[in-house]
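Novice:
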Amino acid sequence: MTLAPGELGAYRPALRPGLLLGPARLRGPATVHRIKDPGSGSSFEIGVKECFLLARMDGLRSLDDLGEEYGRQFGRRLGEQNWQQLLGLLGSRGLLAGAPGGAPESPAPAGLPVHRPRLEGTPLKGTWRLVSDAQASSGRLYRALRPVLRPAVQLPLLALVVAMELLLGLHLGELGRGAWWLAQRPALLLGALVLLWLSITLHELAHAVAAQAYGTGVAEIGLHWRVPMAFMYCTVEDYPYLRSRVQQVVISGAGALMNLVFLLPFCVWWAALPPGGDTRRALSGLLLLGSAQALVNLVPLPPLDGYAMLSNALGLAGYATETRRYLGLRLSRGPEARTRLAAYSRRAHLVYGLYGLATALLCAAVAAALLLTAGRLILH
Numbered sequence: 001m002t003l004a005p006g007e008l009g010a011y012r013p014a015l016r017p018g019l020l021l022g023p024a025r026l027r028g029p030a031t032v033h034r035i036k037d038p039g040s041g042s043s044f045e046i047g048v049k050e051c052f053l054l055a056r057m058d059g060l061r062s063l064d065d066l067g068e069e070y071g072r073q074f075g076r077r078l079g080e081q082n083w084q085q086l087l088g089l090l091g092s093r094g095l096l097a098g099a100p101g102g103a104p105e106s107p108a109p110a111g112l113p114v115h116r117p118r119l120e121g122t123p124l125k126g127t128w129r130l131v132s133d134a135q136a137s138s139g140r141l142y143r144a145l146r147p148v149l150r151p152a153v154q155l156p157l158l159a160l161v162v163a164m165e166l167l168l169g170l171h172l173g174e175l176g177r178g179a180w181w182l183a184q185r186p187a188l189l190l191g192a193l194v195l196l197w198l199s200i201t202l203h204e205l206a207h208a209v210a211a212q213a214y215g216t217g218v219a220e221i222g223l224h225w226r227v228p229m230a231f232m233y234c235t236v237e238d239y240p241y242l243r244s245r246v247q248q249v250v251i252s253g254a255g256a257l258m259n260l261v262f263l264l265p266f267c268v269w270w271a272a273l274p275p276g277g278d279t280r281r282a283l284s285g286l287l288l289l290g291s292a293q294a295l296v297n298l299v300p301l302p303p304l305d306g307y308a309m310l311s312n313a314l315g316l317a318g319y320a321t322e323t324r325r326y327l328g329l330r331l332s333r334g335p336e337a338r339t340r341l342a343a344y345s346r347r348a349h350l351v352y353g354l355y356g357l358a359t360a361l362l363c364a365a366v367a368a369a370l371l372l373t374a375g376r377l378i379l380h
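Just so we're aligned, residue 1 is where the sequence shown starts under full-length UniProt numbering, counting upward by one.
(1) Could you give the residue range of the beta strand (DSSP E) that holds Arg-330?
(2) Please report the Cβ distance between Ala-243 and Pro-23, rounded to the nearest whole angstrom; I am assuming they are in contact, meaning their Cβ atoms lie under 8 Å.
(3) For the beta strand (DSSP E) containing Leu-78, name the first residue and the last one.
(4) In whole angstroms, what separates the C-alpha of Gln-184 from that of Trp-270?
(5) Can you round the beta-carbon distance between Arg-129 and Gly-222 to whole angstroms, since I take them to be within the 8 Å contact cut?
(6) Is there contact here, the region 192-206 with the region 223-235, by at least three beta-carbon pairs under 8 Å?
(7) Per DSSP, which residues does Ala-14 bridge with? Please list them.
(8) I'd like the span of the beta strand (DSSP E) that includes residue 448, first residue to last.
(9) Could you check which residue in Val-227, Trp-197, Val-236 and Arg-226 has the C-alpha nearest to that of Thr-216?
(10) Would you kindly report the start and end of the unbroken alpha helix (DSSP H) that includes His-203?
(11) Select from Gly-59, Gln-84, Pro-17 and Tyr-307 the residue whose C-alpha is nearest the C-alpha of Tyr-355.
(12) Within the continuous beta strand (DSSP E) that includes Arg-129, where are the two ends?
(13) I think Arg-87 touches Pro-13, with their Cβ atoms under 8 Å apart; what is that distance to the nearest whole Å?
(14) Please state whether the Cβ-Cβ distance between Glu-80 and Leu-149 is less than 8 Å.
(15) What does the Cβ neighbour count give for Thr-323, buried or exposed, with the cut at 16 atoms within 10 Å?
(16) From Ala-369 to Gly-375, what does the alpha carbon distance come to, in whole angstroms?
(17) How many angstroms separate the CA atom of Pro-107 from the CA atom of Ala-144?
(18) Taking only three categories from DSSP, how would you classify Val-299?
Structure follows, in structure tokens:
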């Protein structure tokens, strides 16, 4: 977009309605915000200063007004070339509601959202969208479940699943023996796996219901298959653009909570039985497998839900990749690496250093557990 010098200060830019502007997130040494056009699905990241301006482009403030606010916030005014570059970027991406000089109100390149076919792939690997309107379907499910989604119900449920896991932890040896007993009985093992598959389905629907509770979009609900496995999936869009980190964490963690809630009646049944019976052994195996399924999903490694939960809780973007990059700089001794490390804030040093250390300790613990298990199997 190009404006005549006399028009520049008086121009009142406005972003297109419906654009999503995300909260601040740490990416490497920089703080970024993500902006998304829901119509086209395109998104990109901008810096703090650009976000400051975009958040105030409401069609009421002129560029002169924006320049004064920007100067008070950051200590300097933007020049004409800076404005032209910013407006040109927004115009080329179709993000402005109107543009001087005959620019269209609606960006032509954005077009309409691309609708994928219901069935994609081959008999060996593919995707089947189970509902044509995932937003409407999940909305009906949310309205049906709304009475049990209140904090007065959810907080006691959370306390119950924590108590259940503590109880099961005290009987870990029995659960392990039950899982081994279950593994030697294919028919019972198949039944347990079917129940766990149902738990995965409820896990995905829980993400959709939580998204509906906070007013964000559900794009798809369907089935992925990769022979010999098939599992439900739910694509929840736009929840990272919510302003509340608590809401983001709830949406990303709803599936794991559902997995644990699913186990509660089986745990009550297990606890009511005397030790030693076949039914209690089968339930022991189911509870161990189900708990492992839920708790492993809370580990903050991609692509697990725990990774998204930590990202949302701390306001981070791509922190696994950024941690690898940060550690690479730390291990390097060159002057360029030292210069780049100097750009990291104290918080960035702390986040990436601790995450790298925790990941290394977790990998070492898993390797030690595998070696210990292999050693026991060899000895026996």
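The beta-carbon is built from N, C-alpha and C at its ideal position, and this holds for glycine as well.
Specialist: The relevant details are as follows:
(1) For the purposes of this step, residue 330 is taken as the residue at position 330 of the sequence shown. Note, Arg-330: premise wrong, no beta strand (DSSP E); alpha helix (DSSP H) at 319-331.
(2) Along the sequence shown, read from residue 1 onward, the residue named residue 243 stands at position 243. Along the sequence shown, read from residue 1 onward, the residue named residue 23 stands at position 23. In the sequence as displayed, the identity of residue 243 is Arg instead of Ala. Confirmed, Cβ separation roughly 6 Å.
(3) Locating residue 78 in the sequence shown gives position 78, counting from the first residue. Run containing Leu-78: none; DSSP gives neither H nor E here.
(4) By 1-based counting over the sequence shown, the position of residue 184 is 184. By 1-based counting over the sequence shown, the position of residue 270 is 270. In a straight line, the C-alpha of Gln-184 is about 20 Å away from that of Trp-270.
(5) Locating residue 129 in the sequence shown gives position 129, counting from the first residue. Locating residue 222 in the sequence shown gives position 222, counting from the first residue. Confirmed, about 4 Å.
(6) yes
(7) By 1-based counting over the sequence shown, the position of residue 14 is 14. DSSP lists Asp-58 as partners of Ala-14.
(8) Residue 448 is absent from the model: the chain starts at 1 and stops at 380.
(9) As a first step, residue 216 must be located in the sequence shown, where it is residue number 216. Measuring from the Cα of Thr-216, the nearest candidate turns out to be Val-236.
(10) One-based indexing of the sequence shown puts residue 203 at position 203. 186-213 is the span of the alpha helix (DSSP H), which, as asked, contains His-203.
(11) If you number the sequence shown from 1, residue 355 lands on position 355. Ranking the options by Cα distance to Tyr-355, first place goes to Tyr-307.
(12) Position 129 of the sequence shown holds residue 129. Its beta strand (DSSP E) spans residues 125-129.
(13) Position 87 of the sequence shown, counting from 1, holds the residue named residue 87. Position 13 of the sequence shown, counting from 1, holds the residue named residue 13. The sequence shown places Leu at residue 87, rather than the Arg named in the question. Indeed, because the Cβ distance is near 7 Å, the residues count as touching under 8 Å.
(14) One-based indexing of the sequence shown puts residue 80 at position 80. One-based indexing of the sequence shown puts residue 149 at position 149. No, the Cβ-Cβ distance between Glu-80 and Leu-149 is not below 8 Å.
(15) What you label residue 323 is simply residue 323 of the sequence shown in a count that begins at 1. Under this definition Thr-323 is a buried residue.
(16) Residue mapping note: residue 369 aligns to position 369 of the sequence shown, counting from 1. Residue mapping note: residue 375 aligns to position 375 of the sequence shown, counting from 1. Each residue's alpha carbon lies about 10 Å from the other.
(17) Taking the sequence shown and counting its residues from 1, the one referred to as residue 107 is at position 107. Taking the sequence shown and counting its residues from 1, the one referred to as residue 144 is at position 144. Low confidence applies to Pro-107: its pLDDT is 40, below 50, so where it sits in the model is not reliable enough to give any reading.
(18) Here residue 299 is taken as the residue at index 299 of the sequence shown, counted from 1. Three-state result, Val-299: coil.
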